[in-house]
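As structure tokens, the structure follows; a few thoughts come after it.
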Amino acid sequence: MGLPIQKKASIRTERLELKPYSPADRERMIELLTNAEIAKTFMLPDFENRERSAALAEKIIGFSRIGDTAHLEYGIYLDGRLIGFINDCGIEGEEIEIGYVVHPDFHGKGYATEAVGAVLQELRGMGFRRVIAGYFVENTASRRVMEKCGMRPSSMTEEIEYRGAVHRCGYCEICFEA
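Residues in the sequence shown are numbered from 13 upward in steps of one, following the numbering used here.
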């Protein structure tokens with residue numbers, strides 16, 4: 013059991029807004045969940061059909077509700093358009109693992125760094141003492157995002173089988189003082 017997630021209705025950064033999804037975001041969420049480029053570096057199910065991806069989209073939209081204190085889930089919005097998301101991959105005590113996605117059309121513009129940095133500050137404010145994030149070692153851009161946000165490489169690594177291939181996964185972490 014971990015600390016409760018205390019979501020805000022909106023987190024504004026210089027260019028982005030992080031907030032819970034609205035039902036109108038369903039189609040865009042399905043698009044993110046089924047994007048082949050995203051699936052190369054963010055572990056997503058290999059959906060058998062549209063109904064399965066729609067069901068996961070609905071579940072994720074529910075996780076983002078303000079009243080859901082068990083899940084970290086925010087949409088990343090640019091000019092009102094959903095371009096990605098950031099969520100938890102597990103919470104244990106004062107430690108949380110996060111993951112994030114930015115649509116490939118918006119890569120290389122610093123949006124992931126901006127969103128992750130904002131969420132790290134929110135998590136610190138909620139009382140989390142350690143935040144970790146994993147990445148496939150071939151995804152150097154994701155590691156750079158983490159490092160730009162003050163996260164440092166961890167000694168933890170593992171091999172993960174995903175979509176028929178074995179990937180080496182590295183981790184970065186940041187620890188906040190009590």
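All C-beta atoms in this analysis are idealised placements derived from N, C-alpha and C, irrespective of residue type, glycine included.
Runs of the beta strand (DSSP E) spanning 3 or more residues and lying entirely within the segment 44 to 115 occur at 85 to 90, 93 to 104 and 107 to 114, in chain order. DSSP, read as helix, strand or coil, puts Ser166 in strand. The continuous beta strand (DSSP E) containing Gly182 extends over residues Ala177 to Cys187.
Thr169 is classed as exposed because its beta carbon has fewer than 16 other beta carbons within 10 Å across all chains shown. Comparing C-alpha distances from Pro165 to each of Ala177, Cys181 and Glu171 shows the shortest one belongs to Cys181. The segment 143 to 158 makes no contact with the segment 72 to 89; the number of CB pairs closer than 8 angstroms stays below 3. Your pair Thr46 and Ser34 does not check out as a contact, with CB atoms roughly 20 angstroms apart and the cut at 8 angstroms. Cβ atoms of Glu159 and Cys187 stay farther apart than 8 angstroms, at about 15 angstroms. Contact check for Tyr123 against Lys31 fails: the beta carbons are separated by 8 angstroms or more. Assignment of Glu150 by DSSP, reduced to helix, strand and coil, places it in the coil class. A residue is called buried once 16 or more other Cβ atoms fall within 10 Å of its Cβ, and Val149, having fewer, is exposed. Secondary structure at Ile17: coil, using DSSP grouped into helix, strand and coil. Where Glu29 is concerned, the enclosing beta strand (DSSP E) starts and stops at Leu28 to Lys31. Burial check for Ile172: the Cβ neighbour count within 10 Å stays below 16, so the residue is exposed.
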